[in-house]
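Structure first, then comments.
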């Protein structure tokens, strides 16, 4: 299927003239650009409440923002959400609107985790914070008036990587007990030679060279060792058995398409209930553009329906 016409128009507007590729920017420039692009998406929806708290982490407190939708239930199920940005960019603020929309659409509380970023804090800092935050939220569910029996992890791109890695660690470390994984075009393996990396190397927003840059910044001086670590490349796990049910969303014109599809297939082959949906005509990052693109709204509905099916 060709590019969605709305996507093509957006790509032409953003990249049709002179521009600096992200991997040629300074870290600060790239971070400011992502925040500015997020601001252009407009303000988020109203939710019943927003609470900023701090989870206990291995190296200090971890900022967490909890969005609660209007609900008749006393205790809401919880999605622990990890934002995208290549482990280098992004924050609670960049994904504020999406987390609000997801909370309202699903009826779940959404806890957005502000994990530490590379290169200031290379691997495994982002994973350590993500796992610690998920474990702390599970332990604190009763005090936070959340349903400790229904806690899922989710995220987009690098956040999907962290969600998958946290689910694996929860299985192997005996907790926290998770009900599901919501993996939105997740990074699952360090392999920049997959067909989707070649076919979508350039011209579709996220590029192969930008992904290489993200990996190098995340791995730091231990590139070869980290790239093979299951906390960074969960697809390399010997088995994905006994993991919680998963919904994996991918985009047709995304370098990460193949590794997301491969992760869903390996989950299914391991006996895990896993659904994979490829959104044709779409590019990396499309799910947050719900105000503009109908397929983004479709993906939001699909993610919300997956969560509602669990509660």
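Residue numbers (this note's numbering): -2 to 308.
Just so it is clear, CB atoms sit at the ideal spot from N, CA and C, and this is done for glycine as well.
In this text, all values refer to a predicted model and were calculated from it rather than measured experimentally.
Excluding residues up to 5 positions away in sequence, 38 and 39 lie with their Cβ nearer than 7 angstroms to the Cβ of residue 288 in the same chain. The residue from 306, 290 and 193 with its alpha-carbon nearest to that of residue 2 is 290. Non-local beta-carbon contacts of residue 167 in its own chain, meaning distances under 6 angstroms to residues more than five positions away in sequence, involve 173 and 175 in chain order.
Using a Cβ distance threshold of 8 angstroms, residue 114 and residue 304 do not count as a contacting pair. Inclusion of residue 258 and residue 273 in the CB contact set at 8 angstroms is warranted, their separation being smaller than that value. Between residue 189 and residue 208 a beta carbon distance of about 6 angstroms is seen, short of the 8 angstroms cut, so the two are scored as contacting.
The way I'd put it, the region 128 to 135 doesn't touch the region 91 to 104; fewer than three beta-carbon pairs between them come closer than 8 angstroms. Excluding five sequence positions before and after residue 234, the CB atoms of its chain that fall closer than 7 angstroms to its own CB belong to 165 and 227, given in chain order. Exclusion of the five residues before and after residue 254 leaves 193 and 247 as the residues of its chain whose Cβ lies within less than 6 angstroms of its Cβ. The way I'd put it, the region 19 to 32 doesn't touch the region 50 to 68; fewer than three beta-carbon pairs between them come closer than 8 angstroms.
Counting only runs that start and end inside the region 196 to 273, the alpha helix (DSSP H) elements of at least 4 residues fall at 205 to 216, 220 to 224 and 254 to 266. For residue 102, the secondary structure class from DSSP, reduced to helix, strand or coil, is helix. Straight-line measurement puts the Cα of residue 196 at about 22 angstroms from the Cα of residue 10. Taking all protein chains shown into account, residue 158 has 16 or more neighbouring C-beta atoms within 10 Å of its C-beta and is therefore buried.
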